[in-house]
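Novice:
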């Protein structure tokens, strides 16, 4: 990066010759390849967009003009061009650059972004504000790497298409949608590529955009010419560029789906140089168990919104039972719900953070319609990831939805038993899998009993029954949830949800040292309380401690606290504070939320002194 | 309906002559006009789709074939054709048909639907299930009256476009999107209409559909021919029909936006025959106050996803400060957030039930990015509406979102003060407005103090600050919320949120009769507790009663119960049970959730006996 570092970036790009720009391009590509090989990252997306990014900074001045990234995992070249080489040298290390767009890092980043399909609406907002305030500058949105399939992008196109002012959309078409493109849309894009953009059938012009096509999407000179032509345009325009995902690494170009994200690898062969982080054993096992379960259950179908990690394995083994909805969470939930209602054993597999996109479909298409589909939520709970991918909202999001039974397994054995339970249930079920770097858990190896939980009877109805407008409702009656009691003691009960059961066990051990024989419970169910057990605990327990790894407000502990709110049992609720959190390490999480068993012990001692 | 009633419907339609079908059509139109004039309803949508519905039932046999409605407020002709004439005679009365699709009413309804844009994904699920199970039947989805602008519809098209089997999409294009169509998309549809479907630029063929156009979308014979041609087709096809919204009522045709939904009216003049339900005073006032506020604040902008009620008034008075995003809630939240971040005083106005569509945008585009936009949530809390439009989830949905200050006014004066507070806040704010039929409230007329609430200091930071990946987070510090104490007593405190303050006042009066001088509090803030007040109450209160009109789990009372969970203060949490509810009348709501002040009194007495 010697040459690139010598420049006053990004301004210097505006006056640099093509040779100079190509030097920068080469250095960035080499830097990124070296860095990805060393620490891993979004290999394909970033290597494919180096030249377009340089051209953007050459043609526009993003101190005045505005650049909006979506699925911002493709913005590392942009980071290198905007004063963040040193941060990027420590990429994936303490003090280094984050993997996503973030205004706290640079004035050249306008939003914190991590999800797909957001750039068009965000840029429309900027353009609207600009026009309202009578300002003049270019608004450029980058859409790509599959974001077009998300409903929000479409809503954005519809809104951008009605602007009467400057709006430039750079569509980065690398023929991929994180995973292989799924959906009818991509046949249309393929025809546009095949005709070099001349096919009159064009979704962008249909929606009111002017449209330009550039086949050589990694050709700096042509990119610059194309963008120069659009600069200061007075209406919405799309520049559709055809780029090469993974450019610069032969194996990444050849297998773009596998090289969307790479762990550290050998630059010549592409072979991984580390094993999957063994601290993450519980997640990896769970994903493997999920795939194994689907594969071995011939009537089961997996419905997944664009995921190379899961999708590839299913595509390779049971392609006929794997439905990729493209990056479209709303569609995934609605389609799977409908499939289940019409008799197919359906499993949606979606990360907690992305599932937020389908909250209404969870409420309406799925649970209101009582469709017996199963949802497997990946990456739940607080994670060391960036804020936009944090899984920490799953419990407030799902545990307050009527007619949905939401479970939290504590190890692989229990997870598989929960999967079997879901298959037999005739109502909506969901299982949360943990996220983040999890230290080895003592509870991992034990075998657990079969899952017990069912809707009881109310007014003779055990099915959800929505009445006509004539009035009323016969809801599903109370759900009978059965927890697992690992140890029955007295005075203090520790309820550890999911991975937090381990902390409960460790805390119980510390309590034993001070003469307290604490009860230890694996609640199993997040959405419903084991009220029989909670009632029993009233007899000989003064304090119930709830431990959960998600946002505590609206969560599991709050349900327990509400249940006991008219009794003498005290409840200590431990979870994540209601805050947006970014890239906390495990040690910071322990400290910030007082999750270490020693800290919990101190709080229990203090509480008992008060009681 | 004499002739129609004499038929064995819907089967009889399959063998009926055109004359017979036209008889049925005429009778249905007259029936609906009479019924709407009498009790109100979705006038325009239903009158425009009578002939297409008859044609569907003529050509297909929906005992075997499957018909999926979206925005199901246009399915009343379908109800009349499927054994529900008697239910429809009692439309909008006890024991009558609901306004929306509902399998509990008829085997010809496949889903409970009320939101837009759902039909395509739901039908894709049916088609997938059919193909998996090796069955043979037609799957027909109706998309229309503006549903195309919603992201879920687009995700559905993308998924339908990749099917290799029978899939028939009937696009009901009435040139409207509930309100006037907004967005670039509709220019494309207009070109298709203008060219009678021959324009090669066609979003449907772009996405992999075969495409047919029928200009005479209300011509029975042509509709039947067109559908006959598509029956048993082996791939996805769109039939785009051009229909006349409000057909049969001149004034409804002339002003389709005003006649999307009508209250009882005179059939000749269209003049309303009743005043707006005066029981709904608080909502209507609030909407009027909102519009008045926007109109009188020259730097304010309203961003609304397709709403004729609100949109028309703003369009008529301040069109330059009104942005209709089309029916696209994700876009509305993202665009308004971005506008606010870039300096525009932005107000999103969205109904609680529809806001569910934008949960991820609330979490990410808006609050994670700390954009100081204001959200006005209409129709919050339990309502006598159908289940798909029930506003009952707003508190679990919004009160657990970090960095968002959510408020609940108790009357118009307080609402206007909250609006002013929001304008001055440099963080995300939201206000919930009540829904449903609200009896006149004693609290309506009082004047209230200015709103006080602010983020305090933590680590010297008063702005949300997301760090780089180097670690950690400096969140906004604790929010200082100030409640309104209407009366300071002792022993029992009643915290009545929003309209429930009235119940708190009434309950306090009953308590007075038995010698208890209860404290009465208007919490004002839903998302944050007035911890100073709650701490003070510990001194001389044994019981705190929380009253809220939304789902209690994940709600306000649960926060209070959690706050007091380590103290001796008992908390009685009163709200809506976690259940999907449909068309409950106010009296049923009082009974079901024990909201009548007499019932609350009994529960307090019982609780105090225990304490």
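Chains as they are written, first to last, in the working numbering: chain A, 124 to 734; chain B, 124 to 734.
Where is the CB? At the ideal position from N, CA and C, for every residue including glycine.
For clarity, every value in this text was computed on a predicted model and none was experimentally measured.
Between residue 158(B) and chain A, is the shortest Cβ-Cβ distance under 8 Å, so that the two count as touching?
Specialist: It does not: the Cβ of residue 158(B) has no partner Cβ on chain A nearer than 8 Å.
Novice: Give the interface partners of residue 709(A) over in chain B, defined as CB-CB distance under 8 Å, in chain order.
Specialist: The contacting residues do not exist; residue 709(A) stays about 11 Å from chain B at best.
Novice: If you check the beta carbons only, do residue 555(B) and residue 531(B) fall under 8 Å apart?
Specialist: Yes. Within cutoff.
Novice: Measuring straight from C-alpha to C-alpha, what distance separates residue 631(B) and residue 606(B)?
Specialist: Computed Cα separation, rounded: 17 Å.
Novice: Can you check whether the C-beta of residue 638(B) is within less than 8 Å of a C-beta belonging to chain A?
Specialist: Residue 638(B) does not count as touching chain A.
Novice: Grab me the residues of residue 683(A)'s own chain with a C-beta within less than 8 Å of its C-beta, minus the 5 sequence neighbours each way, in chain order.
Specialist: 618, 652, 657, 667, 669, 694, 696.
Novice: For a quick check, are the C-beta atoms of residue 179(A) and residue 350(A) less than 8 Å apart?
Specialist: Taking 8 Å as the Cβ cut-off, residue 179(A) and residue 350(A) qualify as a contacting pair.
Novice: Helix or strand or just coil, what does DSSP make of residue 455(B)?
Specialist: Of the three classes helix, strand and coil, the one that applies to residue 455(B) here is helix, per DSSP.
Novice: In chain order, what residues of the same chain lie with their CB nearer than 7 Å to the CB of residue 594(A), ignoring the 5 residues before and after it?
Specialist: Reliability of the predicted coordinates at residue 594(A) is poor, the pLDDT of 39 falling under 50, and no value is obtained from them.
Novice: With a threshold of 8 Å, are at least 3 pairs of Cβ atoms found where one atom belongs to the segment 318–329 of chain B and the other to the segment 307–327 of chain A?
Specialist: The segment 318–329 of chain B vs the segment 307–327 of chain A: in contact.
Novice: Using a Cβ-Cβ cut-off of less than 8 Å, give me the residues of the segment 488–520 of chain B that come near chain A, in sequence order.
Specialist: Per Cβ criterion, the list reads 488, 490, 491, 492, 509, 510, 511, 516, 519, 520.
Novice: Flag this pair as yes or no: are the beta carbons of residue 665(A) and residue 614(A) separated by less than 8 Å?
Specialist: In contact: residue 665(A) and residue 614(A) (Cβ atoms closer than 8 Å).
Novice: Could one say the Cβ of residue 234(B) lies closer than 8 Å to chain A's Cβ atoms, at least one of them?
Specialist: Chain A, which has a Cβ nearer than 8 Å to the Cβ of residue 234(B), makes this yes.
Novice: Is the Cβ-Cβ distance between residue 291(B) and residue 204(B) less than 8 Å?
Specialist: Cβ distance not < 8 Å, so residue 291(B) and residue 204(B) don't count as in contact.
Novice: For a contact defined as C-beta to C-beta under 8 Å, what are the partners of residue 466(B) on chain A?
Specialist: Those are 252, 256, listed as they occur along chain A.
Novice: Who are the Cβ neighbours of residue 454(B) in its own chain at under 6 Å, not counting the five residues just before and after it?
Specialist: Around residue 454(B): 448.
Novice: List, in order along the chain, the chain B residues whose C-beta lies closer than 8 Å to that of residue 689(A)?
Specialist: Result: 693, 694, 695, 730, 733.
Novice: Could you tell me the distance, in whole angstroms, from the CA atom of residue 378(B) to the CA atom of residue 169(B)?
Specialist: If I take the Cα positions, the gap works out to 15 Å.
Novice: Starting from residue 701(B), find everything on chain A with Cβ-Cβ shorter than 7 Å and list it in chain order.
Specialist: Those within 7 Å of residue 701(B) in chain A are 523, 525.
Novice: Alpha carbon to alpha carbon, what distance is there between residue 293(A) and residue 764(A)?
Specialist: Limits of chain A in this structure are 124 at one end and 734 at the other, which puts residue 764(A) out of reach.
Novice: Could you check how far apart the C-beta atoms of residue 368(B) and residue 167(B) are, in whole angstroms? I think they sit under 8 Å.
Specialist: Between residue 167(B) and residue 368(B) the Cβ distance is about 4 Å, and since that is below 8 Å, they are a contact.
Novice: Confirm, please, whether the CB-CB distance from residue 223(B) to residue 675(B) is below 8 Å.
Specialist: Not a contact, by the Cβ cut-off of 8 Å.
Novice: Just how far apart, CA to CA, sit residue 355(A) and residue 564(A)?
Specialist: Each residue's Cα considered, the two are about 58 Å apart.
Novice: In this structure, how does DSSP classify residue 527(B) when only helix, strand and coil are distinguished?
Specialist: Coil.
Novice: Based on DSSP bridge pairs, tell me the residues matched to residue 363(A).
Specialist: Answer by DSSP bridge pairing, in chain order: 294(A), 336(A).
Novice: Between the C-alpha atoms of residue 254(B) and residue 462(A), what's the straight-line distance to the nearest angstrom?
Specialist: Cα-Cα distance, rounded: 10 Å.
Novice: Mind checking if residue 143(B) is an interface residue toward chain A, Cβ cutoff 8 Å exclusive?
Specialist: No, because no Cβ of chain A sits closer than 8 Å to the Cβ of residue 143(B).
Novice: For residue 331(B) and chain A, any beta-carbon pair shorter than 8 Å?
Specialist: By this cut-off, residue 331(B) is an interface position.
Novice: With a threshold of 8 Å, are at least 3 pairs of Cβ atoms found where one atom belongs to the segment 184–201 of chain A and the other to the segment 408–424 of chain A?
Specialist: Because the criterion of three Cβ pairs below 8 Å is not met, the segment 184–201 of chain A and the segment 408–424 of chain A do not touch.
Novice: Measuring only between beta-carbons, confirm whether residue 163(B) sits less than 8 Å from chain A.
Specialist: False, the Cβ-Cβ gap to chain A never drops below 8 Å.
Novice: From residue 445(A) to residue 438(A), what distance separates their C-alpha atoms?
Specialist: Their Cα atoms are separated by approximately 7 Å.
Novice: Determine whether the Cβ of residue 324(A) lies closer than 8 Å to any Cβ atom of chain B.
Specialist: So, interface residue.
Novice: I need the straight-line Cα distance from residue 364(B) to residue 334(B), nearest angstrom please.
Specialist: Whole-angstrom Cα-Cα distance: 11 Å.
Novice: Which whole-angstrom value describes the C-beta separation of residue 498(B) and residue 471(B), a residue pair presumed to lie in contact below a C-beta threshold of 8 Å?
Specialist: At roughly 5 Å, the Cβ-Cβ gap stays under 8 Å, so residue 498(B) and residue 471(B) are in contact.
Novice: With a cut-off of 8 Å, do at least 3 Cβ pairs link the segment 272–284 of chain A to the segment 231–247 of chain A?
Specialist: Because the criterion of three Cβ pairs below 8 Å is met, the segment 272–284 of chain A and the segment 231–247 of chain A touch.
Novice: Got a sec: is the Cβ-Cβ distance from residue 585(A) to anything in chain B below 8 Å?
Specialist: Residue placement at residue 585(A) is flagged as unreliable, the pLDDT there being 36, under the threshold of 50; the coordinate-derived value follows with that caveat. No - not a single Cβ of chain B is within 8 Å of the one on residue 585(A).
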